[in-house]
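Engineer:
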Amino acid sequence: TPKGTCEESVKIAIDAGYRHIDGAFVYYNEHEVGQAIWEKIAEGKVKREEIFYCGKLWNTCHPPELVRPTLEKTLKILRMDYVDLYIIELPMAFKALEACKDAGLAKSIGVSNFNRRQLEMILNKPGLKHKPVSNQDPVLNAIGEKYNKTAAQVVLRFNIQRGVVVIPKSFHPQRIKENFQIFDFSLTGKEMKDIEALNKNTRYVEMLM
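Quick note: the sequence shown, position 196, residue 478 per the working numbering, numbers continuous.
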């Protein structure tokens, strides 16, 4: 995206009520995100503790000795002492990730794109919930037409009703606002089942290592 677009989008999102900001080193916009957050803090719009910032470790930085330096670089760019959540995509980095949490560099830690076997390698706990993915499926469009909503809004509402935390992304002011306009309707039980039936068990990120 053009320089400055991300910064302006984050400002609009914060003004609209967003408090969870999803970022990553590989997005190459951490400096703009940090700048936007600190400008809104300076304006008195939000406090740092009201922002939930999620960062992600890039695939090639998962060797244990690279985890902390990579996170520290992100924190320096963001001008933050900690991230609220830091996510990895390979089990090999988990112990180093725990060490980052113990050091206070991340308040919470998590994983992304893990399969069942990978989860079992590190945790003896229930599996993690997945992030929703929106597409232009006819089922989603039909439900959207019924409620005068977009397919993306239908998917967001679907996951909200399932108790899943959603992380919508957009650089468009109108879509940023639309992502918040999902609390004025509810899906029926049948509609929930119809959307659940769309599951294809597809992985959306291919590992580079």
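By construction, the Cβ of each residue, glycine as well, lies at the ideal position given by its N, Cα and C atoms. Just so we're clear, the structure is a prediction, and the values are computed from it rather than from any experiment.
(1) Measuring from the CB of LEU339, is there a heavy atom of the ligand FAD at a distance below 7 Å?
(2) Who pairs with SER390 in a beta bridge, going by DSSP?
(3) Classify LEU410 as buried or exposed, calling it buried when 16 or more other Cβ atoms lie within 10 Å of its own Cβ.
(4) For ASP419, which three-state DSSP category applies?
(5) Residues bridged to GLY337 by DSSP?
(6) Out of curiosity, what's the CA-to-CA distance linking ARG439 and PRO450?
(7) One question on the structure: do LYS459 and ALA298 come within less than 8 Å of each other, judged by their Cβ atoms?
(8) DSSP has PRO303 in a bridge; who is on the other side?
(9) Report back the beta-carbon spacing between ALA318 and LYS355 to the nearest angstrom; my notes put them in contact at under 8 Å.
(10) Can you give me the Cβ contacts of ILE333 inside the same chain, cut-off strictly under 7 Å, excluding the 5 residues immediately before and after it?
(11) Helix, strand or coil: how does DSSP classify ASN441 here?
(12) Is it right to say TYR335 is buried, meaning 16 or more other beta carbons lie within 10 angstroms of its own, or is it exposed?
(13) Taking LEU372 as the reference, give the member of LEU480, VAL349 and ASP466 with the closest Cα.
(14) Should VAL415 be labelled buried (16 or more other beta-carbon atoms within 10 Å of its own) or exposed?
(15) Using the Cα positions of GLN400 and SER394, report the straight-line distance between them to the nearest angstrom.
(16) Please return the same chain residues whose Cβ sits closer than 6 Å to the Cβ of CYS288, not counting the five positions on each side in sequence.
Structural biologist: Well, looking at it:
(1) As for the ligand FAD, it is missing from this structure, which has no ligand bound.
(2) LEU367
(3) Unreliable positioning characterises LEU410 in this predicted model, as indicated by a pLDDT of 39, which lies under 50. A coordinate reading is not provided.
(4) coil
(5) TYR368
(6) 11 Å
(7) yes
(8) Correcting the residue identity first, residue 303 is Ile in this sequence and not Pro. The partner list for ILE303 (beta bridge, DSSP) reads TYR335.
(9) Wrong, their Cβ atoms sit about 19 Å apart, outside the cutoff.
(10) ARG301, ILE303 and ILE319
(11) helix
(12) buried
(13) VAL349
(14) Any answer about VAL415 is weak, because its pLDDT of 42 lies below 50 and its placement is not dependable; what the coordinates show is given next. VAL415 is exposed by the Cβ-count criterion.
(15) 10 Å
(16) ASN311 and GLU314
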